[in-house]
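Chemist: The following block contains the structure, expressed as structure tokens.
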Amino acid sequence: MSMNNYNPENERFTDRLIVLVLVVPVVSFAVGCLITFLLMR
192 MSMNNYNPEN ERFTDRLIVL VLVVPVVSFA VGCLITFLLM R
């Protein structure tokens with residue numbers, strides 16, 4: 192396995208990782224708000 196930083200596959204993986212890090216907290220926050228809203232009703 193070569194440690195090439197300019198590997199397109201590695202770039203794609205990093206992009207996916209950034210997207211996950213940004214999306215997961217927003218989605219979990221939205222789901223938490225929705226559950227809270229449904230329970231408080």
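The letter at position 14 of the sequence shown is residue 205 when you use this note's numbering, and the numbering goes up by one with no holes. Glycine included, every Cβ here is placed at the ideal spot set by N, Cα and C.
1. Three-state secondary structure (DSSP) at Asn198?
2. Residues in its own chain within less than 8 Å of Val222 by CB, not counting five upstream and five downstream?
3. With H, G and I counted as helix, E and B as strand and the rest as coil, what does DSSP make of Phe232?
4. Report the rounded CA-to-CA distance for Asn201 versus Met231, giving the unit in angstroms.
Modeler: Taking the geometry as given:
1. Annotated three-state conformation of Asn198 is coil, per DSSP.
2. Within its own chain, no residue has a Cβ closer than 8 Å to the Cβ of Val222 once the five positions on either side in sequence are excluded.
3. Looking at the sequence provided, one finds Arg at residue 232 rather than Phe. Arg232 falls in the coil class under three-state DSSP.
4. Roughly 45 Å separates the two Cα atoms.
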